[in-house]
Amino acid sequence: MAPAAKLFKNLPEDDEDTEYISAGDLQKWGKEVGINDREFSALLESEREVAYWFDDECVQLLVMLAAELGEVDELFEMSNPEMMAWGDENGVDGAELDGTYVGEVVAATNDAIDRYPGKDRFEDTPSIYINGSKIDNNDALSPKKLKEAIKDAASEAADYAGT
Numbered sequence: 001m002a003p004a005a006k007l008f009k010n011l012p013e014d015d016e017d018t019e020y021i022s023a024g025d026l027q028k029w030g031k032e033v034g035i036n037d038r039e040f041s042a043l044l045e046s047e048r049e050v051a052y053w054f055d056d057e058c059v060q061l062l063v064m065l066a067a068e069l070g071e072v073d074e075l076f077e078m079s080n081p082e083m084m085a086w087g088d089e090n091g092v093d094g095a096e097l098d099g100t101y102v103g104e105v106v107a108a109t110n111d112a113i114d115r116y117p118g119k120d121r122f123e124d125t126p127s128i129y130i131n132g133s134k135i136d137n138n139d140a141l142s143p144k145k146l147k148e149a150i151k152d153a154a155s156e157a158a159d160y161a162g163t
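Residue numbering for the sequence shown is 1 to 163, as defined by full-length UniProt numbering.
What follows is the structure, encoded as structure tokens:
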């Protein structure tokens, strides 16, 4: 599932212990803090629709097209940017994302995927990089281990600077 879609959907079946923020929750919280602007609610609704399109309809179209072309295995091996480019080349364009916050999140994710290939590739969140190397996700989720990794990187930089 696209990360942006999780912001707008409540998907307890993914992980029963994880709650996602729904558009309705965001609207409710907005009202609680004094945002009574109809444009805010309309924006949340339109972004929710784009997230659903990207996560559900677009993926289904890509899979159906790949099945027709006999390229399903290839599709599932593609990174998100490769899949979107393949879709554009085969008639499933990403125009729905143009000018949306969901589109900006997808573009930023794609940029991170392109920036960090190979063994340090960007795959999930959090993806934390120190000196261009990806920190193990278990370490990234542990404040103690993350602090240790930062401290180690700082001492390595000091050792390197001193040579």
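A virtual CB, placed ideally from N, CA and C, is assigned to each residue, including glycine.
Simplified DSSP state of Glu13, which is helix, strand or coil
Within the sequence shown, residue 13 is the residue found at index 13, counting from 1. For Glu13, the predicted model reports a pLDDT of 46, less than 50, meaning its position is unreliable; a value from the coordinates is still stated below. Note: Glu13 maps to coil in three-state DSSP.
Using 8 angstroms as the Cβ pair cut-off and three pairs as the minimum, do the region 88-102 and the region 59-74 touch?
yes
Determine whether the beta carbon atoms of Ser155 and Ala140 lie at a separation below 9 angstroms.
Along the sequence shown, one-based indexing puts residue 155 at 155. Along the sequence shown, one-based indexing puts residue 140 at 140. Contact flag unset, no.
On the CB-based measure, 16 or more other CB atoms within 10 Å of its CB, does Arg115 come out buried or exposed?
Taking the first residue of the sequence shown as 1, we reach residue 115 at position 115. The residue in question, Arg115, is exposed, as its Cβ has fewer than 16 Cβ neighbours within 10 Å.
In angstroms with no decimal places, state the Cα-to-Cα distance between Leu97 and Glu57.
One-based indexing of the sequence shown puts residue 97 at position 97. One-based indexing of the sequence shown puts residue 57 at position 57. Distance between the alpha carbons of Leu97 and Glu57: 13 angstroms.
If we ignore side chains and look at the alpha-carbon of each, how far apart do Lys31 and Gly24 end up?
For the purposes of this step, residue 31 is identified with residue 31 of the sequence shown, where counting begins at 1. For the purposes of this step, residue 24 is identified with residue 24 of the sequence shown, where counting begins at 1. The alpha-carbon atoms of Lys31 and Gly24 are separated by roughly 11 angstroms.
What are the boundary residues of the alpha helix (DSSP H) that Tyr101 is part of?
Taking the first residue of the sequence shown as 1, we reach residue 101 at position 101. Its alpha helix (DSSP H) spans residues 101-115.
Closest to Asp120 by CA distance: which of Glu74, Gly87, Phe76, Ile135 is it?
Translated into the one-based positions of the sequence shown, residue 120 becomes position 120. Of Glu74, Gly87, Phe76, Ile135, the residue nearest in Cα terms is Ile135.
CA-to-CA distance, Val105 to Ile35, given in whole angstroms
On the sequence shown, position 35 is the one that residue 35 refers to. On the sequence shown, position 105 is the one that residue 105 refers to. Going from the Cα of Ile35 to the Cα of Val105 covers about 23 angstroms.
What do you reckon, are the CB atoms on Val102 and Phe54 nearer than 9 angstroms?
For the purposes of this step, residue 102 is taken as residue 102 along the sequence shown, with counting starting at 1. For the purposes of this step, residue 54 is taken as residue 54 along the sequence shown, with counting starting at 1. The answer is yes: Cβ separation under 9 angstroms.
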